[in-house]
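Residue numbers (the numbering used here): 325 to 706. Working notes, beginning with the structure itself.
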Ligand code: SIN
Ligand code: CO
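Here you go:
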């Protein structure tokens, strides 16, 4: 269980003064911090095909980057390299718990938990990210410099590494276990390891309008919507054959904007789009529908767990009508079970205590059977 140190960090004040505005060092943001996962386990994960990982190091003055899976690290020695594993929350239940203290920001804004293991001198080089990140220092020590937002020239240090030219630091600190550095989008930064280190980055995602529009186009094609052609039965004589006049421009614009006026369609798109997983999920789907008796038994004994990294969201209005979105698709359910479906979307763990009132609800049992069969939820071992 990770908890932010309330003496050092106030979520409300943070959102007002720092979120998306300026970087912040939170000394001992986590008191008595313990790594949720060991460096050996991280190295092991980076040997797996499904896990996104990369090694970054310098050969002389030349930056190098390699993508996993890896089968050995021995040739790298004990200095000047780092290993980054993306979406750690998909692969480690313990590590995923590091996201919990940041739930004061809704999950649709969250991306993933990334970890970097770095030997002394190691780092990924000076760069700019276009997302918000809380870098939580695990074991070891790391020196961080953060510059101000501004006109920084970026360059390709390696085909896989976009670096930024030297910048003046507005933050220059050494982080020790439990310290947190928050960096908003656009602030250049660099972390160089002093003592073999683990850093856990809780990263957020933001979509550009262009990726939303491209996603919307895909959604409309998949759902065979938005195919209406322009219609102009009231057309008047045109004076200038080469012109798209004001009225015509307005008509074409209307064809596009009318799509964005359709809240049902747009809600369906946003729910589906934002619940899509960007990184591979550790899905253990079952071939056959889980039996009802099994679900009832499991519900009495075990907590219901959401698969690491699974995205399940709802709109308050449509939840009450029996609609939510899970892993990129709309999921319908009888409206009466909305309160417990809401808990499944709000919480990673739904306890046996919270499940108890629903034990005799056939609709809920069927819903859970489907979700467990799909591998989206599972029952805890203990
Ligand atoms: C790292 O932990 O090495 C990189 C994190 C970052 O700079 O975003
Ligand atoms: Co960064």
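Glycine is no exception: its CB is placed at the ideal position from the N, C-alpha and C atoms. On a predicted model such as this, the values are computed, not experimentally measured, just so you know.
- Near the ligand SIN: residue 526 beta-carbon under 7 Å from a heavy atom: One-based indexing of the chain shown puts residue 526 at position 202. Annotation for residue 526 indicates a beta carbon at 7 Å or more from all heavy atoms of the ligand SIN.
- Item | contact_flag[the stretch 442 to 456, the stretch 533 to 541] where n(CB pairs < 8 Å) is 3 or more | no
- Which of helix, strand or coil DSSP assigns to residue 531: Position 207 of the chain shown, counted from the start, is the residue given in the question as residue 531. Look at residue 531 here: in three-state DSSP terms it is coil, with no helix or strand label.
- Message: Tell me which residue opens and which closes the alpha helix (DSSP H) that residue 570 is part of.
- Response: Here residue 570 corresponds to residue number 246 of the chain shown, with the count starting at 1. Segment 570 to 584, the alpha helix (DSSP H) holding residue 570.
- Which residue's Cα is closest to the Cα of residue 636: 396, 470, 654 and 571? Within the chain shown, numbered from 1, the residue matching residue 636 stands at position 312. Closest option to residue 636, Cα to Cα, is 654.
- Alpha carbon to alpha carbon, what distance is there between residue 595 and residue 606? On the chain shown, position 282 is the one that residue 606 refers to. On the chain shown, position 271 is the one that residue 595 refers to. Whole-angstrom Cα-Cα distance: 22 Å.
- Query: How big is the Cα-Cα spacing for residue 470 and residue 430?
  - Reply: Within the chain shown, numbered from 1, the residue matching residue 470 stands at position 146. Within the chain shown, numbered from 1, the residue matching residue 430 stands at position 106. One C-alpha to the other measures close to 26 Å.
- So which residues touch the region around the ligand CO, with touch meaning a C-beta under 6 Å from any heavy atom? Any residue whose Cβ sits closer than 6 Å to a heavy atom of the ligand CO makes the list: 451, 453 and 513.
- Item | Collapsed DSSP secondary structure at residue 538 in the structure displayed | The residue you call residue 538 lines up with position 214 of the chain shown. If DSSP states are grouped into helix, strand and coil, residue 538 belongs with the helices.
- Item | Sequence ranges, beta strand (DSSP E) only - wholly within the stretch 360 to 416, length at least 3 | 377 to 383, 386 to 391 and 405 to 409
- Task: Verify the contact flag: residue 698, CB atom, against every heavy atom of the ligand SIN, threshold strictly below 7 Å.
- Result: For the purposes of this step, residue 698 is identified with residue 374 of the chain shown, where counting begins at 1. Residue 698: no, Cβ never under 7 Å from the ligand SIN.
- Report the residue from 648, 532, 501 and 505 whose alpha carbon sits nearest the alpha carbon of residue 520. Here residue 520 corresponds to residue number 196 of the chain shown, with the count starting at 1. Closest option to residue 520, Cα to Cα, is 501.
- Query: According to the Cβ coordinates, are residue 393 and residue 372 closer than 8 Å?
  - Reply: To locate residue 393, count along the chain shown from 1; it is residue 69. To locate residue 372, count along the chain shown from 1; it is residue 48. Cβ atoms of residue 393 and residue 372: closer than 8 Å.
- Query: Out of curiosity, what's the CA-to-CA distance linking residue 647 and residue 475?
  - Reply: As a working mapping, residue 647 is identified with position 323 in the chain shown. As a working mapping, residue 475 is identified with position 151 in the chain shown. Taking the straight line joining both Cα atoms gives about 45 Å.
- Residue from 581, 489 and 506 whose Cα sits closest to the Cα of residue 335: Locating residue 335 in the chain shown gives position 11, counting from the first residue. When each option's Cα is compared against that of residue 335, the closest is 506.
- Express the C-alpha separation of residue 458 and residue 293 in angstroms, rounding to a whole number. Missing from the structure shown is residue 293; the chain here goes from 325 to 706 and no further.
- Message: What does the alpha-carbon distance come out to for the pair residue 360 and residue 554?
- Response: Residue mapping note: residue 360 aligns to position 36 of the chain shown, counting from 1. Residue mapping note: residue 554 aligns to position 230 of the chain shown, counting from 1. Cα to Cα, the separation comes out at about 57 Å.
- Item | Cβ shell of residue 454 (< 6 Å), same chain only, five flanking positions each side left out | By 1-based counting over the chain shown, the position of residue 454 is 130. Same-chain partners within the cutoff: 509.
- Message: For residue 704 and residue 629, I'd like the C-alpha separation in whole angstroms.
- Response: By one-based count along the chain shown, residue 704 stands at place 380. By one-based count along the chain shown, residue 629 stands at place 305. Their backbone Cα atoms lie some 6 Å apart in a straight line.
- Task: Consult DSSP for residue 626 and reduce its assignment to one of helix, strand or coil.
- Result: Along the chain shown, read from residue 1 onward, the residue named residue 626 stands at position 302. Look at residue 626 here: in three-state DSSP terms it is coil, with no helix or strand label.
- Return the residue from the list 370, 386 and 486 that minimises the CA-CA distance to residue 396. Along the chain shown, one-based indexing puts residue 396 at 72. Among 370, 386 and 486, the Cα nearest to that of residue 396 belongs to 370.
- When the Cα atoms are used, what is the spatial distance from residue 611 to residue 697? To locate residue 611, count along the chain shown from 1; it is residue 287. To locate residue 697, count along the chain shown from 1; it is residue 373. Cα to Cα, residue 611 sits roughly 7 Å from residue 697.
- Task: Would you grab the beta carbon distance between residue 379 and residue 363 for me? Rounded to a whole angstrom, and I think it's under 8 Å.
- Result: Walking along the chain shown from the start, residue 379 turns up at place 55. Walking along the chain shown from the start, residue 363 turns up at place 39. Between residue 363 and residue 379 the Cβ distance is about 14 Å, and since that is not below 8 Å, they are no contact.
- Item | Identity of the residues DSSP links to residue 598 by a beta bridge | Walking along the chain shown from the start, residue 598 turns up at place 274. Answer is none; residue 598 lacks a bridge partner.
- Assumed close pair residue 712, residue 498 - CB separation to whole angstroms, cut-off 8 Å: In the structure as shown, the chain starts at 325 and stops at 706, and residue 712 therefore has no counterpart that could be examined.
- Could you tell me whether the Cβ atoms of residue 478 and residue 452 are closer together than 8 Å? Indexing the chain shown from 1 puts residue 478 at position 154. Indexing the chain shown from 1 puts residue 452 at position 128. Yes, Cβ-Cβ distance for residue 478 and residue 452 is below 8 Å.
- Going by C-alpha distance, which of 663, 592 and 401 is nearest residue 546? As a first step, residue 546 is located in the chain shown; it is residue number 222 there, counting from the start. Ranking the options by Cα distance to residue 546, first place goes to 592.
- Query: Is the closest heavy atom of the ligand SIN to the C-beta of residue 447 under 7 Å?
  - Reply: For the purposes of this step, residue 447 is taken as residue 123 along the chain shown, with counting starting at 1. Yes, the Cβ of residue 447 comes within 7 Å of a heavy atom of the ligand SIN.
- Message: Looking at residue 289: is its Cβ nearer than 8 Å to the Cβ of residue 662?
- Response: The structure shown does not extend to residue 289, since the chain is modelled only from 325 through 706, so no value can be given for it.
- According to DSSP, which residues form a beta bridge with residue 661? As a position in the chain shown, residue 661 is number 337, starting the count at 1. In the DSSP output, where bridge partners are listed per residue, residue 661 has none listed.
- Helix, strand or coil at residue 468 [DSSP, three-state]: Indexing the chain shown from 1 puts residue 468 at position 144. Strand.
- residue 517 - DSSP class collapsed to helix/strand/coil: For the purposes of this step, residue 517 is taken as residue 193 along the chain shown, with counting starting at 1. Correct three-state label for residue 517: strand.
- Would a C-beta distance cut-off of 8 Å place residue 456 and residue 344 closer than the cut-off? The sequence position of residue 456 within the chain shown is 132, counting from 1. The sequence position of residue 344 within the chain shown is 20, counting from 1. The Cβ-Cβ distance between residue 456 and residue 344 falls below 8 Å.
- Message: In this structure, how does DSSP classify residue 344 when only helix, strand and coil are distinguished?
- Response: As a first step, residue 344 is located in the chain shown; it is residue number 20 there, counting from the start. In this structure, residue 344 counts as coil in the three-state DSSP scheme.
- residue 631 vs residue 527 beta-carbon contact at 8 Å: Start at 1 with the first residue of the chain shown, and residue 631 comes out as number 307. Start at 1 with the first residue of the chain shown, and residue 527 comes out as number 203. Taking 8 Å as the Cβ cut-off, residue 631 and residue 527 do not qualify as a contacting pair.
- Message: Rounded to the nearest angstrom, what separates residue 582 and residue 568 at their Cα positions?
- Response: By 1-based counting over the chain shown, the position of residue 582 is 258. By 1-based counting over the chain shown, the position of residue 568 is 244. Taking the straight line joining both Cα atoms gives about 20 Å.
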